[in-house]
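There are 4 protein chains.
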Amino acid sequence: MSEKSDSKKQYIIEKATAVFSAKGFKSVTMKDIVEACDISRGGLYLYYSSTEEIFRDVCEKADNSEESEKELSQMVESAKASDLLLWFIKEQKKAILSKTDPLIAARYEYAFYKKQGGDSSEAKAGFDTAVKVLKSIIIRGCESGEFECEDPSHAAASMMYAIEGMKVCSATFGMTEKKVDSELLFIVQRFMEVE
Amino acid sequence: MSEKSDSKKQYIIEKATAVFSAKGFKSVTMKDIVEACDISRGGLYLYYSSTEEIFRDVCEKADNSEESEKELSQMVESAKASDLLLWFIKEQKKAILSKTDPLIAARYEYAFYKKQGGDSSEAKAGFDTAVKVLKSIIIRGCESGEFECEDPSHAAASMMYAIEGMKVCSATFGMTEKKVDSELLFIVQRFMEVE
Amino acid sequence: MSEKSDSKKQYIIEKATAVFSAKGFKSVTMKDIVEACDISRGGLYLYYSSTEEIFRDVCEKADNSEESEKELSQMVESAKASDLLLWFIKEQKKAILSKTDPLIAARYEYAFYKKQGGDSSEAKAGFDTAVKVLKSIIIRGCESGEFECEDPSHAAASMMYAIEGMKVCSATFGMTEKKVDSELLFIVQRFMEVE
Amino acid sequence: MSEKSDSKKQYIIEKATAVFSAKGFKSVTMKDIVEACDISRGGLYLYYSSTEEIFRDVCEKADNSEESEKELSQMVESAKASDLLLWFIKEQKKAILSKTDPLIAARYEYAFYKKQGGDSSEAKAGFDTAVKVLKSIIIRGCESGEFECEDPSHAAASMMYAIEGMKVCSATFGMTEKKVDSELLFIVQRFMEVE
DNA sequence: AATGAATGAGCCTTCATTCAT
DNA sequence: TATGAATGAAGGCTCATTCAT
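Protein chains in written order, with this note's numbering: chain A, 1 to 195; chain B, 196 to 390; chain C, 391 to 585; chain D, 586 to 780.
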């Protein structure tokens, strides 16, 4: 199963990504996927048995190709903290503007759907990871004297909440790039002194 | 029609609120409402013809009983800015913790649903109002010398983004009251000097 | 009941006539009538308990005010047969063009509906009456030497079939007045010699 | 899809024909068809999505097996006009008596339904075709000296109106075969001299 | 592995009809 | 008489899911 079926799964994921990006999470039916993939109804069931299952893989793949954290873990060893921060902020900006992630709306829908059902570990994990990364950047910057920040832990969390808020606002009623830039700059200045 | 049917509508809203709180927005069917209200299928259609229509009234009622902004507009005339800020933060805290608003998840779902459909004015309006209120509190505090803040407009927006982020996080994977308190305090301190 | 309720019935008939003219027979619901009459649902049921019942009265009233046959029976005593024929043809022309009878489509629909249900006496009665009238006109004309016609009985029937055909055609896909005139003239000439 | 589903469509058409013959057009529901076909609700929707769509195919099939016009176009090349006329009249007689076409009532109902909706091209097309065919037969007969007729165009139209009238009368309140024979004979004699 | 026809449950919506007032 | 809220049956439609091939 593994080799062949894996490439087929990749194909399905690819087509499904477009569907979830366009329709969100709950509105997507197995029929939508079947049609997007130009595959048979029964065929799809050989690989996936619910839209949720498909969505998970869609997100997973998207997360990986949004190489962000992986890439970071390499940079983090070598680079200057200010470069890292710049990079992190740019990544977040892209995410806010959905340039990287057209799935954002679907992700939130899914998060709420799971909350309803009691499970929410995935959403939490994503957020916590981002906070950790940001915190480690700040700490690094403080150590190297690039930044000054009394409470990196708190600062990282607060910044991420604000960023999260912008993501939601952008996903629900839209934000201009200019506005996002201005907000991000303002926030960074508030939470740390950049030398 | 108006008196009697209005009380019936109130009854439906009341029962429906529980349904939306428990199941979010999209999963709720007319049948769910019918059953919660213990009325006939046709009976419900006498008052409402879609879950969306019901949801709007549910939210409207919830907004009014979350007397927040209304109440504020009275206080704002007389009170000290620091009291107003305290009050505002407390309201937001309640909202974040869903103590006031168990509809929060449904509201977000609805916002995404409308975004899908192209309309998003309602969500935007809610956010903008909150920013305006906060901004006016900050300005007042600056004038009275209670606060110090260079850029009230920006500060208000940033604080609301962070609060919005907390709302989402709380709605998707939960936040403890302690955590919320700590975050709110930190944020306020970052964005203004409280004398 | 009789006096008061009669005037109310007349009112209902009047309003219902417009509804049947516009929507045919089967598409009309009790709700349509209720709305057209601006009366309560229960109120209508006090007088009528089905659209069919209403439709019967609607037709009956229409038949009476289309004074045709009644009026004729007076004329028939005195007038010249050629005048009567002229009058008869004019009446039919009006009927074909639905100038007199916007109910025509509804009537046919009803006729087919009843046929389905096995009853058809009403439709037959209407047609037979017309044939009789036409036949008596022809006979009268033959006696007075105005017309010449070997088989008045057959001629009357045939002419009425053609007229009936025109009614249906007019009701289903429309006919111009010019076309109707031309056809009626042609038919009369074929079935009798007008001196 | 084409082969298998076509045979299934044929099956549905066959069963549906009986339903439309028995119940007319408007009274027929998808459920009726589903039950007549002994298939599932969803199954029917695989092939047809409205009773109208089914009815169109029902009529089309009926029209083809009433080989009439097709057959005629072959005969018309070779046969004597008087034979053609005889054939045409016989076909009409069958139609009037609904021996060929138990769908007649449903067809009229459909015609009125479409008129209500503004479309009536189908009904008109059917009638016009019949007129053309009859006219060409008459012209042929005149050319060969079999018939004598001053105005074939008018005569054809008038005859068809009469025939149409008989169809309606037969469909609504019935006509005996004898009566139909007698009327048809009379009409033919009136509109042309048969040598 | 893959197909796609078939199923049946489930939701939506509209009406005729009743009944307490 | 008259009202109109309420009911529930009936029909429409869509999907997830299965299964013979």
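For each residue, glycine too, the CB sits at the ideal point set by N, CA and C.
Interface residues of chain C facing residue i [CB-CB closer than 8 angstroms]
{"i": "Gln701 of chain D", "result": "Lys413, Gly414, Ser417 and Ala495"}
Neighbour list for residue i in chain D, Cβ cutoff strictly below 8 angstroms
{"i": "Glu583 of chain C", "result": "In chain order: nothing, as chain D lies at least about 12 angstroms away."}
{"i": "Ser510 of chain C", "result": "Thr757, Phe758 and Gly759"}
Alpha-carbon to alpha-carbon, residue j and residue i
{"i": "Ile39 of chain A", "j": "Thr17 of chain A", "result": "15 angstroms"}
{"i": "Leu682 of chain D", "j": "Met760 of chain D", "result": "7 angstroms"}
{"i": "Gly313 of chain B", "j": "Glu148 of chain A", "result": "43 angstroms"}
{"i": "His739 of chain D", "j": "Val716 of chain D", "result": "10 angstroms"}
{"i": "Asp57 of chain A", "j": "Cys232 of chain B", "result": "39 angstroms"}
{"i": "Ser587 of chain D", "j": "Gln701 of chain D", "result": "For Ser587 of chain D, the predicted structure reports a pLDDT of 43, less than 50, and the residue's modelled location is therefore unreliable. A value from the coordinates is still provided. If I take the Cα positions, the gap works out to 34 angstroms."}
{"i": "Ile358 of chain B", "j": "Glu53 of chain A", "result": "32 angstroms"}
{"i": "Lys309 of chain B", "j": "Thr172 of chain A", "result": "8 angstroms"}
{"i": "Ser612 of chain D", "j": "Ile577 of chain C", "result": "37 angstroms"}
{"i": "Arg497 of chain C", "j": "Pro687 of chain D", "result": "21 angstroms"}
{"i": "Met615 of chain D", "j": "Asn64 of chain A", "result": "49 angstroms"}
{"i": "Cys449 of chain C", "j": "Gly516 of chain C", "result": "11 angstroms"}
{"i": "Thr51 of chain A", "j": "Leu629 of chain D", "result": "26 angstroms"}
{"i": "Phe581 of chain C", "j": "Tyr551 of chain C", "result": "12 angstroms"}
{"i": "Ala156 of chain A", "j": "Met361 of chain B", "result": "13 angstroms"}
{"i": "Pro152 of chain A", "j": "Lys93 of chain A", "result": "21 angstroms"}
{"i": "Val375 of chain B", "j": "Ser365 of chain B", "result": "9 angstroms"}
{"i": "Lys646 of chain D", "j": "Phe673 of chain D", "result": "20 angstroms"}
{"i": "Lys568 of chain C", "j": "Ser705 of chain D", "result": "20 angstroms"}
{"i": "Leu241 of chain B", "j": "Lys15 of chain A", "result": "42 angstroms"}
{"i": "Asp591 of chain D", "j": "Phe610 of chain D", "result": "23 angstroms"}
{"i": "Arg626 of chain D", "j": "Asp227 of chain B", "result": "24 angstroms"}
{"i": "Val214 of chain B", "j": "Thr129 of chain A", "result": "33 angstroms"}
{"i": "Glu341 of chain B", "j": "Lys294 of chain B", "result": "30 angstroms"}
{"i": "Ile403 of chain C", "j": "Ile208 of chain B", "result": "41 angstroms"}
Interface residues of chain B facing residue i [CB-CB closer than 7 angstroms]
{"i": "Ala157 of chain A", "result": "Glu378"}
{"i": "Glu109 of chain A", "result": "Glu304 and Phe307"}
CA nearest to the CA of residue i, picked from the options
{"i": "Ile722 of chain D", "options": "D:Ile772, D:Asp668, D:Lys763 and D:Ser705", "result": "D:Asp668"}
{"i": "Lys399 of chain C", "options": "C:Val424, C:Phe415, C:Thr419 and C:Lys416", "result": "C:Val424"}
{"i": "Leu574 of chain C", "options": "D:Glu694, D:Met744 and D:Asp617", "result": "D:Met744"}
{"i": "Leu329 of chain B", "options": "B:Glu255, B:Asp227, B:Glu388 and B:Leu281", "result": "B:Leu281"}
{"i": "Ser606 of chain D", "options": "D:Ala664, D:Leu631 and D:Phe640", "result": "D:Phe640"}
{"i": "Gly377 of chain B", "options": "B:Leu239, B:Gly238, B:Ile208 and B:Lys285", "result": "The question names Gly, yet the displayed sequence has Ser at residue 377 of chain B. Looking at the Cα atoms, B:Lys285 is the closest of the given residues."}
{"i": "Ile139 of chain A", "options": "A:Ala81, A:Asp128 and A:Tyr11", "result": "A:Ala81"}
{"i": "Gln384 of chain B", "options": "A:Glu150, A:Phe112 and A:Gly165", "result": "A:Glu150"}
{"i": "Glu143 of chain A", "options": "A:Glu109, A:Lys179, A:Val194 and A:Val180", "result": "A:Val194"}
{"i": "Glu95 of chain A", "options": "A:Val168, A:Tyr110, A:Phe112 and A:Ile12", "result": "As written in the sequence, residue 95 of chain A is Ala, which differs from the Glu given in the question. Of the listed residues, the one whose Cα sits closest to Ala95 of chain A is A:Val168."}
{"i": "Tyr11 of chain A", "options": "A:Tyr48, A:Gly141, A:Glu122 and A:Lys23", "result": "A:Tyr48"}
{"i": "Glu499 of chain C", "options": "D:Thr714, D:Gly627 and D:Lys608", "result": "D:Lys608"}
{"i": "Ser273 of chain B", "options": "B:Gly336, B:Arg236 and B:Lys294", "result": "B:Gly336"}
Expected contact under 8 angstroms - CB spacing of residue i and residue j to nearest Å
{"i": "Ala495 of chain C", "j": "Ala513 of chain C", "result": "Their Cβ separation, rounded to whole angstroms, is 14 angstroms, which puts Ala495 of chain C and Ala513 of chain C out of contact at 8 angstroms."}
Report task. Report the residues of the stretch 552-581 of chain C with a CB closer than 9 angstroms to any CB of chain D, ordered along the chain. Result -> Ala552, Ile553, Glu554, Gly555, Met556, Lys557, Val558, Cys559, Ala561, Thr562, Phe563, Gly564, Lys569, Ser572, Glu573, Phe576, Ile577, Arg580 and Phe581
Report task. Pull out every residue of the stretch 514-543 of chain C whose Cβ sits closer than 7 angstroms to any Cβ of chain D, in chain order. Result -> Lys514 and Phe517
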